[in-house]
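Student:
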Amino acid sequence: MGRIYGAVLLEAAGGGRKAPGDIVRAMSEAAGGGAGAAPAIYGNAAGLAALGASGSAGGFIAGVTREEGGDRIVSFCGYMPGLKEIFTRKGMDSGIETGAGLIALYIKEGPRFLEDLPGMFMLALYDGPAGKLVLASDRNGYFPVYYSSLHGRFVFSSSLRAVVFSTGNPAADRGALMEYLFFDAVYGGATCYSDIRLLPYGAYLVLDTKSLRIETYRYFSYEGLFDIDRYEGARRIDAPAALTSVMRESLGRIREQAPEDTFGLLCGGGIDCSYLGGVMKEIGMNVPIFCSSVADVAVSEENMARTTVERLGTGFHVAHLTSRNYYPRLLRSIRDFGQPIAHPNLARFYISAWNAGRHNRPNQIKGVASDLLFGGQGNVRSFYRYLRLSKCLSFVPSGARRILASAFEPRQKTDLELRLRNPLASLSSIGMGNLERGAARMRMLRALDGLRDADERAVKALMMENLCEYQQPLLNRRHEMAELHGLALWFPFLDTEVVRFAVNLPVGACVGWNTSKKVVREAAKPFLGGALASRAKWGGDVPTAKWVRPLKFFLDDGFIAASLGFDPSVMGPVLDADIKLLWNLVDIELWGRMCLLGEDPRDLLAAMKRNGLESDPFESDPEPSDH
Numbered sequence: 008m009g010r011i012y013g014a015v016l017l018e019a020a021g022g023g024r025k026a027p028g029d030i031v032r033a034m035s036e037a038a039g040g041g042a043g044a045a046p047a048i049y050g051n052a053a054g055l056a057a058l059g060a061s062g063s064a065g066g067f068i069a070g071v072t073r074e075e076g077g078d079r080i081v082s083f084c085g086y087m088p089g090l091k092e093i094f095t096r097k098g099m100d101s102g103i104e105t106g107a108g109l110i111a112l113y114i115k116e117g118p119r120f121l122e123d124l125p126g127m128f129m130l131a132l133y134d135g136p137a138g139k140l141v142l143a144s145d146r147n148g149y150f151p152v153y154y155s156s157l158h159g160r161f162v163f164s165s166s167l168r169a170v171v172f173s174t175g176n177p178a179a180d181r182g183a184l185m186e187y188l189f190f191d192a193v194y195g196g197a198t199c200y201s202d203i204r205l206l207p208y209g210a211y212l213v214l215d216t217k218s219l220r221i222e223t224y225r226y227f228s229y230e231g232l233f234d235i236d237r238y239e240g241a242r243r244i245d246a247p248a249a250l251t252s253v254m255r256e257s258l259g260r261i262r263e264q265a266p267e268d269t270f271g272l273l274c275g276g277g278i279d280c281s282y283l284g285g286v287m288k289e290i291g292m293n294v295p296i297f298c299s300s301v302a303d304v305a306v307s308e309e310n311m312a313r314t315t316v317e318r319l320g321t322g323f324h325v326a327h328l329t330s331r332n333y334y335p336r337l338l339r340s341i342r343d344f345g346q347p348i349a350h351p352n353l354a355r356f357y358i359s360a361w362n363a364g365r366h367n368r369p370n371q372i373k374g375v376a377s378d379l380l381f382g383g384q385g386n387v388r389s390f391y392r393y394l395r396l397s398k399c400l401s402f403v404p405s406g407a408r409r410i411l412a413s414a415f416e417p418r419q420k421t422d423l424e425l426r427l428r429n430p431l432a433s434l435s436s437i438g439m440g441n442l443e444r445g446a447a448r449m450r451m452l453r454a455l456d457g458l459r460d461a462d463e464r465a466v467k468a469l470m471m472e473n474l475c476e477y478q479q480p481l482l483n484r485r486h487e488m489a490e491l492h493g494l495a496l497w498f499p500f501l502d503t504e505v506v507r508f509a510v511n512l513p514v515g516a517c518v519g520w521n522t523s524k525k526v527v528r529e530a531a532k533p534f535l536g537g538a539l540a541s542r543a544k545w546g547g548d549v550p551t552a553k554w555v556r557p558l559k560f561f562l563d564d565g566f567i568a569a570s571l572g573f574d575p576s577v578m579g580p581v582l583d584a585d586i587k588l589l590w591n592l593v594d595i596e597l598w599g600r601m602c603l604l605g606e607d608p609r610d611l612l613a614a615m616k617r618n619g620l621e622s623d624p625f626e627s628d629p630e631p632s633d634h
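Count along the sequence shown starting at 1, add 7, and that's the number in the numbering used here.
1) Could you pull the DSSP bridge partners for N370 from this structure?
2) Assess contact between the stretch 176 to 191 and the stretch 237 to 253, defined as three or more Cβ pairs (one per stretch) separated by less than 8 Å. Is contact present?
3) Could you pull the start and end residues of the alpha helix (DSSP H) that M451 belongs to?
4) Under 8 Å: do the stretch 476 to 485 and the stretch 528 to 544 share three or more Cβ pairs, one atom per stretch?
5) Is the distance from the Cβ of T105 to the Cβ of I48 below 8 Å?
6) To the nearest angstrom, how far is it from the Cα of Y12 to the Cα of E75?
7) Could you check the C-alpha separation between G108 and A568 for me, to the nearest Å?
8) So S35 packs on P46, CB below 8 Å; how close in whole Å?
9) Would you be able to state if there are at least three C-beta pairs under 8 Å between the stretch 360 to 367 and the stretch 488 to 495?
10) Give the straight-line distance between the Cα atoms of S436 and F189, rounded to the nearest whole angstrom.
11) Taking all protein chains shown into account, do 16 or more other C-beta atoms lie within 10 angstroms of the C-beta of R448, making it buried, or fewer, making it exposed?
12) Whole-angstrom Cβ separation of A326 and I358, contact assumed at under 8 Å?
13) In whole angstroms, what separates the C-alpha of D607 from that of S155?
14) Under a Cβ-count criterion, where at least 16 other Cβ atoms within 10 Å of its own Cβ denotes burial, should L588 be classed as buried or exposed?
15) Just to confirm the assignment, what range does the beta strand (DSSP E) spanning M578 have?
16) Kindly provide the ranges of any beta strand (DSSP E) runs that are 3 or more residues long and lie completely inside the stretch 19 to 85, ordered along the chain.
17) Suppose the cutoff is 6 Å on Cβ atoms and the five residues either side in sequence are ignored; what does the same chain contact list for V81 look like?
18) Look up T223 in the DSSP assignment and give the residues it is bridged to.
19) What does the Cβ neighbour count give for G43, buried or exposed, with the cut at 16 atoms within 10 Å?
20) Within 10 angstroms of its Cβ, does L258 collect 16 or more other Cβ (buried), or is it exposed?
21) Mind reading off the beta-carbon distance from R160 to A14? Whole number of angstroms is fine, and I expect it under 8 Å.
22) Taking the alpha-carbon of S61 as reference, which of G9, D78 and K25 has the nearest alpha-carbon?
23) How would you call L379, buried or exposed, if buried means at least 16 neighbouring beta carbons within 10 angstroms?
24) According to DSSP, which residues form a beta bridge with V518?
25) Please state if the CB of G138 and the CB of L283 are separated by a distance shorter than 8 Å.
26) Taking 6 Å as the limit between beta carbons, can you name the residues of its chain near L620, skipping five residues before and five after?
27) Taking contact to mean at least 3 C-beta pairs separated by less than 8 Å, is the stretch 308 to 328 in contact with the stretch 280 to 295?
28) What does DSSP give as the partner residue(s) for V325 in the beta ladder?
29) Just tell me which of V213, F344, N521 and L474 has its CA closest to the CA of D147.
30) Does the Cβ-Cβ distance between K559 and L582 come in under 8 Å?
31) Using DSSP with H/G/I as helix, E/B as strand and the rest coil, what is F172?
32) Pull up the distance between the alpha-carbon of L562 and that of M578, whole angstroms please.
33) Between the stretch 504 to 517 and the stretch 457 to 468, do three or more beta carbon pairs fall short of 8 Å?
34) As a quick exercise: from A52, W497, P624 and S228, pick the residue whose alpha carbon is nearest that of P369.
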């Protein structure tokens with residue numbers, strides 16, 4: 008996959024400073040693993056800045072280039088299909104080296120050149136003559152760019168661990184942790200570290216290298232893809248056929264990036280990945296399916312995936328996650344990502360990566376994003392049903408409706424609203440305290456203003472908010488895990504044209520009373536048959552009641568108790584009744600212990616053993632299982 012790194016020193020900071028190149032090398036060593044070692048590094052003429060990049064895996068490209076005879080440097084990594092055609096269209100030699108071409112585009116158009124860059128990427132461009140540094144993330148935020156500006160120097164990397172190392176003695180951002188407890192995600196530029204920021208998706212940052220002043224801009228937004236004429240026209244199209252058409256093109260672009268025998272499909276039998284497998288088979292891209300199946304669950308993903316395999320006639324490789332090999336991977340996933348991971352399932356990726364690696368399939372295709380694009384999130388269908396029921400009850404006088412509504416409100420919600428000093432509706436409008444989230448919501452509502460039906464506009468806005476709020480954190484976690492294992496992950500649903508199609512698809516093609524992702528299920532029928540295409544997704548999640556609940560003992564006297572004022576003797580009964588909240592607190596606890604307090608994960612495993620939990624060693628690999 009590759010990484011980028013960089014350091015810029017303030018000119019007025021004085022002597023005795025560590026050289027930028029040395030800072031970049033140290034950051035690279037701190038990142039560790041995967042393709043992140045031994046970066047190529049270039050510094051500027053004045054010795055105040057250095058950029059670096061490490062090699063990529065799979066079909067991704069990465070590099071660092073210094074302008075010939077000049078003082079501009081670009082560092083980049085990613086997947087940019089059709090870039091050579093863009094060079095030609097802009098009057099450049101199509102054979103120009105990628106980094107030199109990116110510099111030439113920047114000289115020609117300034118940061119606006121980002122609007123034309125295809126695919127998913129991250130890049131940094133140091134402009135010596137202008138005294139500026141430009142950092143950019145891709146449209147979906149898959150490649151993260153973390154940065155910090157402290158003590159007269161600005162550092163950045165796609166590795167959070169590298170930036171944490173460079174800042175030294177990191178502290179928790181209490182507000183970000185509270186937001187995480189509310190939403191399972193921290194929106195916008197915040198991270199769980201008080202002095203480290205994340206560049207949001209579709210954004211670029213401009214640093215004045217003389218003052219270290221930072222300004223952030225957007226070159227892309229999901230709501231910017233919305234077109235009312237296209238949306239209204241989509242009511243009359245065969246939406247499933249149209250989805251398959253854009254999906255063929257998306258997979259075709261991916262197919263061109265690497266040899267076909269290096270690809271695999273990560274699939275647990277769900278509709279999204281199974282559908283991708285069907286389209287891939289249709290275009291002659293017959294790749295094996297890789298499945299990670301969880302033990303101790305009622306429905307096995309192995310069995311679900313096997314049904315897909317039998318239907319498509321492809322190869323099948325499965326690895327199993329048991330409680331013994333889950334615990335070391337849980338700790339590793341939190342430590343490696345460097346922030347709370349939000350979902351306990353992330354540990355499964357380690358056995359998926361091991362499985363792909365032993366079969367020499369470094370390019371893994373995933374069905375990520377379909378839920379967010381096509382209304383598969385549970386809150387969308389719940390909101391859709393609420394609006395439908397509200398419309399059915401419109402004949403009831405408004406006063407009576409208020410009484411009925413209040414009678415069915417949970418007591419805790421009413422209690423909360425009475426305690427708030429600002430109305431809950433107003434707090435919601437400003438993003439529950441995250442003003443970046445609030446502003447994004449207002450932009451989406453304005454973009455959708457052309458939709459005449461208020462209920463349809465509200466559901467579509469929620470779908471877009473889900474996309475904006477959860478996509479980048481989800482992808483960033485995937486990026487770090489893949490990078491450490493030398494894998495390249497490909498997301499056909501996040502191709503720009505597929506996203507454009509989804510943003511402009513009417514709600515009715517996505518959500519029904521009993522169905523979500525309608526368009527995907529209908530599109531999948533020709534490939535999978537009606538029974539498989541309509542099958543609900545069961546299985547795959549780790550059994551939190553069995554595997555996570557026993558970790559509650561960590562909260563008795565640890566990071567959360569000391570840092571967030573958690574009193575386990577008082578709050579324990581609340582957690583006994585809510586396994587989801589318990590998981591979120593355990594997630595924060597383990598992150599704080601390993602990433603802030605420096606506790607060794609081996610000691611944490613030893614503590615689990617003392618509390619009756621058996622576990623494999625921290626360094627162990629899963630047992631082979633291949634069918």
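For each residue, glycine too, the CB sits at the ideal point set by N, CA and C. Bear in mind that the values here come from a model prediction, so they are computed numbers and not experimental data.
Tutor: The answer reads as follows:
1) F270 and A495
2) no
3) L442 to A454
4) Two segments are said to touch when three or more pairs of C-beta atoms, one from each, lie closer than 8 Å; by this definition the stretch 476 to 485 does not touch the stretch 528 to 544.
5) no
6) 21 Å
7) 53 Å
8) 5 Å
9) yes
10) 15 Å
11) Buried.
12) 4 Å
13) 26 Å
14) exposed
15) Careful: M578 lies outside any beta strand (DSSP E), inside the alpha helix (DSSP H) at P575 to A584.
16) 47 to 50, 56 to 60 and 68 to 73
17) T72, G106, L109, I110 and L132
18) L212
19) Only weak support is given to the placement of G43: the predicted model assigns it a pLDDT of 45, under 50, and the value that follows is read from those uncertain coordinates. Counting Cβ neighbours within 10 Å, G43 comes out buried, since at least 16 surround it.
20) buried
21) 6 Å
22) G9
23) buried
24) S523
25) no
26) Excluding residues within five positions, the ones whose Cβ falls inside 6 Å are P557.
27) yes
28) In the DSSP output, where bridge partners are listed per residue, V325 has C298.
29) Note on identity: in this sequence residue 147 is Asn, with Asp being the wrong assignment. Among V213, F344, N521 and L474, the Cα nearest to that of N147 belongs to L474.
30) Yes, Cβ-Cβ distance for K559 and L582 is below 8 Å.
31) helix
32) 10 Å
33) Yes, the stretch 504 to 517 is in contact with the stretch 457 to 468.
34) W497
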